[in-house]
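Participant: What follows is a structure written as structure tokens; I'll ask about it next.
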Amino acid sequence: MVVTLKEVVNDPQGLVVTDALHALGYPQVQGVRVGKFISLELAEDDLESAEARVEEMCRRLLCNGVIEDYRAKLRLVPDA
Amino acid sequence: MVVTLKEVVNDPQGLVVTDALHALGYPQVQGVRVGKFISLELAEDDLESAEARVEEMCRRLLCNGVIEDYRAKLRLVPDA
Amino acid sequence: MRPAAADSPPTSAELRELALSESEYRSAADQLGRAPNRLELGMIGALWSEHCSYKTSRALLRRLPSEGGRVVQGPGENAGVVDLGGDLLCCFKIESHNHPSAIEPVQGAATGVGGILRDVFAMGARPVALLDGLRFGDLADPGQRHRFARVVEGIGWYGNCIGVPTVGGETYFDEAYQHNCLVNAMCVGLVQRDQLVKARASGPGNSLLLVGADTGRDGIHGATFASVQLDQEAEGRRPAVQVGNPFLEKCLLEACLELTGDPDLIGLQDCGAAGLTSSCAEMAQRGGVGLEIAVEKVSRRERGMTPYEVMLSESQERMVLVVRRGSEERFRTAFRRWGLHCEVVGRVIEQPLFRITENGSEVAALPLQLLIAGFPERHPVARAPQLSSLVAADPLAATPPWSPEDAWLRLLASPNCGDRQWIWRQYDHQVGDDTVLGPGGDAAVLRLRGRSDGLALTIDSAHRSVGLEPRRATAIALAEAVRNLACVGAAPIGITNCLNFGDPDRPEIMWQLEEAIGGLADAARELGIPVVSGNVSLYNQFAGRGIPPTPTLGLVGLLPDLSRRLGAGFLAEGDLVALVGAPGAGPAQVELGGSEYQRIAYGVLEGPAPELDLSREARSAQAILAAIDHGLLSSAHDCALGGLAVTLAESALLGGLGARISPPLDPPQESSPNWRFGLLFGETQGRYLVSLPTGRLAAAAALFAQFNTEFAALGSVGGATIAVEGVAEIGLEQAAIAWSGAISAQMDSSPSPQR
Amino acid sequence: MTVRFGIAVFPGTWSDRDCAHAVELTGEVAVPLWHADRDLKGCDVVILPGGFAYGDYLRAGAIARFAPLMEAVREHARGGGLVLGICNGFQILCEAGLLPGALLRNSSLQFRCQPTWLRVESTQSPFLAACPPGQPLRVPISHGEGRFYAAPEALAQLNAEGRVALRYCDQNGEISDRANPNGSLQNIAGILNQQGNVLGLMPHPERACEALLGSDQGLQLFNSAIQHLAALPG
Ligand SMILES: Nc1ncnc2c1ncn2[C@@H]1O[C@H](COP(=O)(O)OP(=O)(O)O)[C@@H](O)[C@H]1O
Ligand SMILES: [Mg+2]
Chain P
1 MVVTLKEVVN DPQGLVVTDA LHALGYPQVQ GVRVGKFISL ELAEDDLESA
51 EARVEEMCRR LLCNGVIEDY RAKLRLVPDA
Chain S
1001 MVVTLKEVVN DPQGLVVTDA LHALGYPQVQ GVRVGKFISL ELAEDDLESA
1051 EARVEEMCRR LLCNGVIEDY RAKLRLVPDA
Chain E
2001 MRPAAADSPP TSAELRELAL SESEYRSAAD QLGRAPNRLE LGMIGALWSE
2051 HCSYKTSRAL LRRLPSEGGR VVQGPGENAG VVDLGGDLLC CFKIESHNHP
2101 SAIEPVQGAA TGVGGILRDV FAMGARPVAL LDGLRFGDLA DPGQRHRFAR
2151 VVEGIGWYGN CIGVPTVGGE TYFDEAYQHN CLVNAMCVGL VQRDQLVKAR
2201 ASGPGNSLLL VGADTGRDGI HGATFASVQL DQEAEGRRPA VQVGNPFLEK
2251 CLLEACLELT GDPDLIGLQD CGAAGLTSSC AEMAQRGGVG LEIAVEKVSR
2301 RERGMTPYEV MLSESQERMV LVVRRGSEER FRTAFRRWGL HCEVVGRVIE
2351 QPLFRITENG SEVAALPLQL LIAGFPERHP VARAPQLSSL VAADPLAATP
2401 PWSPEDAWLR LLASPNCGDR QWIWRQYDHQ VGDDTVLGPG GDAAVLRLRG
2451 RSDGLALTID SAHRSVGLEP RRATAIALAE AVRNLACVGA APIGITNCLN
2501 FGDPDRPEIM WQLEEAIGGL ADAARELGIP VVSGNVSLYN QFAGRGIPPT
2551 PTLGLVGLLP DLSRRLGAGF LAEGDLVALV GAPGAGPAQV ELGGSEYQRI
2601 AYGVLEGPAP ELDLSREARS AQAILAAIDH GLLSSAHDCA LGGLAVTLAE
2651 SALLGGLGAR ISPPLDPPQE SSPNWRFGLL FGETQGRYLV SLPTGRLAAA
2701 AALFAQFNTE FAALGSVGGA TIAVEGVAEI GLEQAAIAWS GAISAQMDSS
2751 PSPQR
Chain Z
3001 MTVRFGIAVF PGTWSDRDCA HAVELTGEVA VPLWHADRDL KGCDVVILPG
3051 GFAYGDYLRA GAIARFAPLM EAVREHARGG GLVLGICNGF QILCEAGLLP
3101 GALLRNSSLQ FRCQPTWLRV ESTQSPFLAA CPPGQPLRVP ISHGEGRFYA
3151 APEALAQLNA EGRVALRYCD QNGEISDRAN PNGSLQNIAG ILNQQGNVLG
3201 LMPHPERACE ALLGSDQGLQ LFNSAIQHLA ALPG
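These protein sequence lines map, in sequence, to chains P, S, E and Z. Numbering-wise, the first sequence is residues 1 to 80 according to the working numbering. Numbering-wise, the second sequence is residues 1001 to 1080 according to the working numbering. Numbering-wise, the third sequence is residues 2001 to 2755 according to the working numbering. Numbering-wise, the fourth sequence is residues 3001 to 3234 according to the working numbering.
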């Protein structure tokens, strides 16, 4: 899943990366934000309940609602 | 784009998060790996050349080829 | 002995991969009485690598004096140990992580710190301090800035996360390190005498435990990797880079320290270079026994790993223990409490053999003698290059490009003389609540709990002349380190050293190695300080070009009375400024050979290295300690890089006070009109710049006379400028701007985005 | 009556020993509390020390907050018991929801270990009651993720309710950007919960308890708590 800082929270790392890219000669870069990409393997055969679980994990641990948003995409992998 | 540690490279963070999720009562979690999610706005109208550019930025700055892999997905946004 | 499943003889390509020569292979086969199989060959290759065997430097290292009244453990264990008195021991060692840091700066540097920490707590000692020795190319180069920033980040990350303070270090920039940055890390630990653990296996039937990280395909051939030149080849060896886990190591550290002193703990050893193979072989050999490992019992991070991969993996954050048979469960429980899993992977056996089995069948069986001591020592030819004309050159001949003031400010603004705060503010230098003097002075000072004395630590490398006169320049490094300790009020008690050199198969580099070790050996003997541990890093070479020889010394000293400690900065307006230990006529020396001024003004290295008089050094260090002990001084600062002018400015800037001195202006007759630059920036050895209350002048003069050490009051503290009467004068503000921006101005102009 | 300071130890905690040392300097008792236990061993004050619990992986404090010990700490806090979160401990308290807001990566993107000056903004809290008003405290920081953030409403509420405990300032107590070491909103270095019995701060008072080590002004927080408890009836 993808966990990103809320729009309202400023992201110095994104700013530095932007500057660095400009310095490297990419003026067309408008704005950069850096978040987390979490890939997670679940042993579940039912997509529904898997989604519910992931939802829950995000709320409880993986994402801090005060500063972050998340979105998760699930994919069914045969005999994972 | 998504920047992740190469498969062969140890991901201590992923291991600790896995343990944490198990402790929280999610035994069905098989493995977790944590990478970076970088969203980047480009002022380019030609998708082709934009792709080439991003490719280049990843190699030069955004991805540490020694331990990381990357994949980028581009989307054309009207009057970005 | 029964050959384990024989293989076809290795191709020369395979041997190259293992950094084994044809003749070494033959020697191994002869000693074994058969052809080693692939696994055995891999194990031999790893242990016979330069990194593990020291096959090229060993003979030379024997010259280093390692005896002394305080020495509890010299070279040969994971770290050296000296006695601090009252049953408290100090355990320390320095190690290089140059090659990994060149390839992946953050993780390379971080795992270097992780490795040296394990060497220290493997002995049962609690790490109380880290120091780092860094060498990079020109900071004006963005690539170098990036690498430098990343290495500092990596060192900081690991040390900060594990909670061991990084209290000092050394940093130097020169184009010559452009392709081979040097990253040396030193760790200092404390242990009660009865808690000291040795890395020895004993008692056949006792169990071998592996604890910590799961074993993955990390850094296979890392040991050999560190023993070959860094070049295009490195590309293909990249998997040798690893991601460190300071969190896991912190748990390992605490768990191990809980277990030291347990009568059932027989041996403890870190898994470093060459992983299980080297750590187990070393433990068995030291204990005069054998070991048997059931490779399937080693818990893995990845599927389908072969015995070869398991035995040669260099996965970080692992330790091996030998425990008394029957006590295994107790140990496993203790580790589990810290979230660490611990497996019984083997046992001690009678015969001096290293046996590896997989599911009951033997896959390798090698005599430990062969593994540890069987390698043919290498004695490459050493030949001195033609340098006499360079050494003879007169560094004062050329016309100075700048005025004295201008040169002074440029030196202060150069990254080698300027303020290092940009580095150490990123290091937690206080955790542990014992740091009395952190980074920024001549030496760091830690208190010792419940005692009135303290510990002093410093890292110093050879004078820049090392390329021309390795012997003297290395001795100078030791003299300077001793002065650094003396400045805070400490006497040296032990040395650790890291020898960073190029390819020893080049005669001139072998010569450098011989000379440097000789210089260190002689100086250490003369000054009576034992060398108790160290590390050698060779092949610091890129595309045929080697680094300047870089012997780096780590010294540990004792302050008899912590309350007497001194800083390098001026303390009070009106104090006198004096120069101690200046040979001959006074400060009017013209020793610019290899000086920092020469480097930035002319970009050359020529002229004789500064004179070094070790008996004088010993005397003046004694005198300074006595003066400090009698409470005569307000500050003391070693007069080194950048000479009198830079030293004076540093004491002024650290104290936030100006100063004015008027050295006797009596230029040696023969010296050129440039003698002023020699006076300001000459790097004449043996000197201390001190300040003292006027009321103490007579007493001080008398004391230094007793020690037959030169003492000359040159001026006083105060005013808004820093002045050398009749030669040059700069504003305190001006100087502060130049000095404090030397590194930070360049670095903060280009913050590094990653991680 | 002696005061019992419970000092939490999570895997990765490192200022537990420094905190214990500080407590011993006050003459009171330091009791280690293991993260896996639910028992506060009758402690009057719970300290969540600095460090990198669980390596600060994912987010500082994100995993530690689920430790069994934290349930007991929550109970203790709810009952008005004193809780002091230092550095990593502050991060844990925020993740646990015992304090509002969050601590983000320093705006410099670098770890910072340096002395700071702290202006005491509220003497409401038992931890600050004894601090001489208007006198900034010299206490060092040592963190990479200390940039305090709270949503505008939360921030407004903190200010309105006088729950901003400490702000980074200069030697003269002036609040300025130059005095802000990590980009924290409004120079906030420490905050209180509604009852004032829970204090979280990024700086390390336990490192500022001896002149020998540069400052002894951190001791005031510990002494303040001790005086508060001594004054309680019964
Ligand atoms: N330059 C040196 N001077 C003195 N001792 C050295 C030197 N280089 C290595 N040693 C000693 O040789 C032994 C092996 O060194 P090393 O392989 O670096 O230790 P480890 O395997 O624990 O990392 C250690 O005891 C070390 O102190
Ligand atoms: Mg070792």
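For glycine and all other residues, C-beta sits at the position ideal for the given N, C-alpha and C. Source: prediction; values computed, not measured.
Can you tell me where the alpha helix (DSSP H) holding Q13(P) begins and where it ends?
Facilitator: From DSSP, the alpha helix (DSSP H) with Q13(P) extends over P12 to A23.
Participant: Using the rule of at least 16 other Cβ atoms within 10 Å of the residue's Cβ for burial, across every protein chain shown, is E2314(E) buried or exposed?
Facilitator: So E2314(E) counts as buried.
Participant: Tell me the start and end of each unbroken beta strand (DSSP E) in the stretch 2182 to 2229 of chain E that is at least 3 residues and wholly inside, in chain order.
Facilitator: Here the runs fully enclosed are 2182 to 2192 and 2207 to 2212.
Participant: How many Å lie between G2068(E) and T2496(E) at the Cα?
Facilitator: Between G2068(E) and T2496(E), the C-alpha separation is close to 14 Å.
Participant: Within 10 Å of its beta-carbon, does L2576(E) have 16 or more other beta-carbons around it, so buried, or fewer, so exposed?
Facilitator: Its Cβ being crowded by 16 or more others within 10 Å, L2576(E) is buried.
Participant: Give me the subset of the stretch 3 to 32 of chain P whose CB atoms are less than 9 Å from a CB atom of chain S, sorted by chain position.
Facilitator: The residues in question are V3, T4, G14, V17, T18, A20, L21, L24, Y26, P27, Q28, V29, Q30, G31 and V32.
Participant: Are the C-beta atoms of S3184(Z) and some chain E residue less than 8 Å apart?
Facilitator: Judged by the 8 Å Cβ criterion, S3184(Z) is not in contact with chain E.
Participant: Decide if G2143(E) is buried, meaning its Cβ has at least 16 other Cβ atoms within 10 Å, or exposed.
Facilitator: With fewer than 16 other Cβ atoms within 10 Å, it is exposed.
Participant: Any contact of the stretch 2241 to 2248 of chain E with the stretch 2342 to 2360 of chain E, i.e. 3+ C-beta pairs under 8 Å?
Facilitator: The stretch 2241 to 2248 of chain E is not in contact with the stretch 2342 to 2360 of chain E.
Participant: Between V34(P) and the rest of its own chain, which residues show a CB-CB distance below 7 Å, the 5 nearest in sequence each way excluded?
Facilitator: The residues are D11, Q13, G14 and V17.
Participant: Taking the alpha carbon of D2433(E) as the point to measure from, which residue in G2163(E), W2048(E) and S2053(E) has its own alpha carbon closest?
Facilitator: The shortest Cα separation from D2433(E) among G2163(E), W2048(E) and S2053(E) belongs to G2163(E).
Participant: Taking the Cβ atom as the reference point for each residue, do L2455(E) and A2524(E) lie within a distance shorter than 8 Å?
Facilitator: No, Cβ-Cβ distance for L2455(E) and A2524(E) is not below 8 Å.
Participant: In the stretch 45 to 78 of chain P, which residues sit with their C-beta less than 9 Å from some C-beta in chain S, listed in chain order?
Facilitator: Cβ contacts with chain S come from A50, R53, E56, M57, R60, L61 and L62.
Participant: State the DSSP-derived secondary structure class of A72(P), mapped to helix, strand or coil.
Facilitator: Three-state result, A72(P): coil.
Participant: I need the boundaries of the alpha helix (DSSP H) containing L3229(Z), first residue and last residue.
Facilitator: Start and end: L3219 to A3231.
Participant: Once DSSP output is grouped into helix, strand and coil, what is the label at F2148(E)?
Facilitator: The answer is helix: DSSP assigns F2148(E) an H, G or I state.
Participant: For G2287(E), which residues of its own chain have a beta-carbon under 6 Å away from its beta-carbon, when the five flanking residues on both sides are left out?
Facilitator: These residues qualify, in order along the chain: R2200, A2201 and S2202.
Participant: Check whether the Cβ of A2429(E) lies closer than 8 Å to any Cβ atom in chain Z.
Facilitator: Correcting the residue identity first, residue 2429(E) is His in this sequence and not Ala. It does; some Cβ of chain Z falls within 8 Å.
Participant: Are three or more beta carbon pairs between the stretch 2151 to 2166 of chain E and the stretch 2206 to 2217 of chain E nearer than 8 Å?
Facilitator: Taking 8 Å as the limit for Cβ pairs, the verdict is that the stretch 2206 to 2217 of chain E does not touch the stretch 2151 to 2166 of chain E.
Participant: If you measure between the beta carbons of G2290(E) and S2279(E), is that distance less than 8 Å?
Facilitator: Contact flag unset, no.
Participant: Using the Cα positions of S2101(E) and F2711(E), report the straight-line distance between them to the nearest angstrom.
Facilitator: Distance between the alpha carbons of S2101(E) and F2711(E) is about 45 Å.
Participant: Who are the neighbours of F2247(E) on chain S, taking C-beta pairs under 8 Å?
Facilitator: Those within 8 Å of F2247(E) in chain S are P1012 and V1016.
Participant: Taking CB distances under 8 Å as the criterion, tell me whether V2466(E) reaches chain S.
Facilitator: No - not a single Cβ of chain S is within 8 Å of the one on V2466(E).
Participant: Could you check whether the Cβ of V2338(E) sits closer than 8 Å to any Cβ belonging to chain Z?
Facilitator: Note that residue 2338(E) is Trp in the sequence shown here, rather than Val. It does; some Cβ of chain Z falls within 8 Å.
Participant: Considering V1008(S), what are the terminal residues of the beta strand (DSSP E) in which it resides?
Facilitator: Careful: V1008(S) lies outside any beta strand (DSSP E) and carries neither H nor E.
Participant: When DSSP builds the beta bridges, which residues end up paired with H3143(Z)?
Facilitator: H3143(Z) is bridged to R3112(Z).
Participant: Would you say G3101(Z) reaches chain P, if we count a Cβ-Cβ gap shorter than 8 Å as a contact?
Facilitator: Chain P contact via Cβ: present.
Participant: Return yes when the Cβ of Y3168(Z) is within less than 8 Å of the Cβ of G3101(Z), no when it is not.
Facilitator: Not in contact: G3101(Z) and Y3168(Z) (Cβ atoms no closer than 8 Å).
Participant: Identify, in the order they occur along the chain, each residue of the same chain with its Cβ nearer than 7 Å to the Cβ of E2233(E), setting aside the five sequence neighbours on each side.
Facilitator: Confidence at E2233(E) is low in this model, with a pLDDT of 43, below 50, so its placement is unreliable and no value can be given for it.
Participant: Are P3203(Z) and L3118(Z) close, meaning C-beta to C-beta below 8 Å?
Facilitator: Yes, the Cβ-Cβ distance between P3203(Z) and L3118(Z) is below 8 Å.
Participant: Starting from V3063(Z), find everything on chain S with Cβ-Cβ shorter than 8 Å and list it in chain order.
Facilitator: Note on identity: in this sequence residue 3063(Z) is Ile, with Val being the wrong assignment. Those are V1016, V1017 and A1020, listed as they occur along chain S.
Participant: Using a beta-carbon distance below 8 Å, is F3222(Z) in contact with chain E?
Facilitator: No - not a single Cβ of chain E is within 8 Å of the one on F3222(Z).
Participant: Strictly below 9 Å CB to CB, what residues from chain Z border R2425(E)?
Facilitator: Here the neighbours are Q3110, F3111, R3112, C3113 and Q3114.
Participant: Cutting at 7 Å between CB atoms, please list the residues of its own chain near V3073(Z), excluding the five before and the five after it.
Facilitator: Taken in chain order, the residues that qualify are V3046 and V3083.
Participant: By DSSP's criteria, C2091(E) is part of a beta bridge. Which residues make up the other side?
Facilitator: DSSP, once it has assigned bridges, lists V2081(E) and G2189(E) as partnering C2091(E).
Participant: Please state whether the Cβ-Cβ distance between E2024(E) and W2048(E) is less than 8 Å.
Facilitator: Result yes, Cβ atoms of E2024(E) and W2048(E) sit closer than 8 Å.
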